[in-house]
Amino acid sequence: MFKKALTSFQRPSTHILRGSFRLQSTVSDASTGAKTMTSEDSSPKNYETLSQEEVMNSGSLLDSHQSFTVFPSIENVKPEELVGGASFGFKTYFVERSSTGNLPVYSEYKRNGKVVTEIRKIQGDPIQLRNDLQERLPHISKKAFKVIMQSKKIVIEGDAVRDVKHVLSTTF
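Going by full-length UniProt numbering, the sequence shown opens with residue 1, and the numbers climb by one from there.
Right, dumping it as structure tokens:
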């Protein structure tokens, strides 16, 4: 037959039930008054029955102890400590990847056969990104970099797609 073993803790405004179902039989021991339950694995387990008074006393013991929490209370949290709480835009930037996970670095061929490299989807400060790229790519002339603020993109004269993608994927 199926029996449900319940553990109950009562607090003034809370009632918590924990239970599990298992196939078992009950055997009473006349000398101790305890009930021994054997489950389908044939290992006897002793269960004691708590009186209502003992349950109420255990609830007051739970209330008297401070509860441990991992997170601080909301009053103790400062906006500067939150992720994204710092001002974003000046001296900070983010290059958003495409939906397939690729970096938005493209080569473009102009009418006269000139090749340029474009970095798109820049959020924040594109000038700081340009400065950081110029430090990491010293073989490309500083005159070759151009920032277009309206569309928030960086244009580099020449084919530098591999170099820029390598720097963006490893360094930043």
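Don't be surprised by glycine CBs; every beta carbon is placed ideally from N, CA and C.
Small disclaimer: the values here were computed from a predicted structure and weren't measured.
query, result
"On the DSSP bridge list, what partners appear for Glu118?", "Tyr106 and Val155"
"Measure the alpha-carbon distance for Arg97 versus Val164 and round it to whole angstroms.", "14 angstroms"
"For Val77 and Arg111, I'd like the C-alpha separation in whole angstroms.", "56 angstroms"
"When DSSP builds the beta bridges, which residues end up paired with Lys146?", "Val155"
"Return the residue from the list Tyr93, Pro138, Val115 and Phe68 that minimises the CA-CA distance to Lys153.", "Tyr93"
"Phe94 bridges to which residues according to DSSP?", "Gln123"
"So what's Val77 in DSSP terms, helix, strand or just coil?", "coil"
"May I have the straight-line CA-CA distance separating Lys114 from Phe145, to the nearest angstrom?", "15 angstroms"
"Does the beta-carbon distance from Leu129 to Ile122 come in below 8 angstroms?", "yes"
"If you reduce the DSSP assignment to three classes, tell me which class His166 lands in.", "helix"
"So, with DSSP's three-state summary, where would you put Val70?", "coil"
"Using the three-state DSSP reduction, which class does Val161 fall into: helix, strand or coil?", "helix"
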